[in-house]
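Numbering (the working numbering), first residue to last: 1 to 199.
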């Protein structure tokens, strides 16, 4: 799972190696255990090299999160949905993403930690159609007017984040999360449609 996504062809070999090493370390020891020094030592480069490419630990993890997003999108491209129910389709897509992300729980927790900080506001919490959740759900959301689609994307982003926290903590199963996402999708779509019909 540490191969470079096709979306980042401009990365040089040193950058790729640093990201792979940082990802392996984070998967093993989490956010608090990751240090730029260990990344440099394990990649056999000077510490200044890590700072040159990434600036700080959160920026490094933000790049890993971008890789994770590309990997999840690759998983979703292979997904064949048989239902026409848009809420069920969205719930399935989010569940596939969640299941993939939960394979490396310490890495996921580190990425979520960064998402809550300064880097997260620039990288993860974008409110436009370049956000990670928008990419996950683009096919389902494009049928809505732009403003409503963006609002739905934000709401589904919050639901995904909440579901990830609940499932990773053991508060609910993946199946329960998918059912909740499906119900939330139906309620959201009904509410949005009712709002559009009033216009």
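Beta carbons: idealized from backbone N, C-alpha and C, even for Gly. Just so it is clear, the structure is predicted and the values come from calculations on it, not from any experiment.
- For the pair residue 196 and residue 156, the CB atoms are not nearer than the 9 Å cut-off.
- Its chain contains 89 as the residues whose beta carbon lies nearer than 7 Å to that of residue 83, once the 5 sequence neighbours on both sides are disregarded; these appear in chain order.
- Proximity of the stretch 98 to 114 to the stretch 166 to 176 meets the contact definition, three or more beta-carbon pairs being nearer than 8 Å.
- The stretch 42 to 51 makes contact with the stretch 6 to 25: 3 or more CB pairs, one atom from each, lie closer than 8 Å.
- In terms of Cα proximity to residue 110, the closest of 194, 193 and 29 is 29.
- The beta carbons of residue 26 and residue 45 sit no closer together than 9 Å.
- Annotation: residue 65 to residue 160 spans about 15 Å, alpha carbon to alpha carbon.
- Between residue 91 and residue 24 the beta-carbon gap is near 32 Å, outside 8 Å, which marks them as no contact.
- The beta-carbon distance between residue 135 and residue 69, rounded to whole angstroms, is 7 Å. This is short enough to meet the 8 Å contact definition.
- Distances from the alpha-carbon of residue 116 to those of 194, 58, 142 and 40 put 58 closest.
- Residue range 174 to 198 is occupied by the alpha helix (DSSP H) that includes residue 190.
- Sequence-distant Cβ neighbours of residue 149 in its own chain, meaning closer than 6 Å and more than five residues away, are 141.
- The Cβ atoms of residue 185 and residue 87 sit closer than 9 Å to each other.
- In terms of Cβ geometry, residue 103 and residue 76 do not form a close pair [threshold 9 Å].
- DSSP, read as helix, strand or coil, puts residue 134 in helix.
- In summary, residue 114 is buried, with 16 or more beta-carbon neighbours lying within 10 Å of its beta-carbon over all protein chains present.
- When C-alpha distances from residue 147 are compared across 61, 192 and 40, the shortest belongs to 192.
- Annotated three-state conformation of residue 19 is helix, per DSSP.
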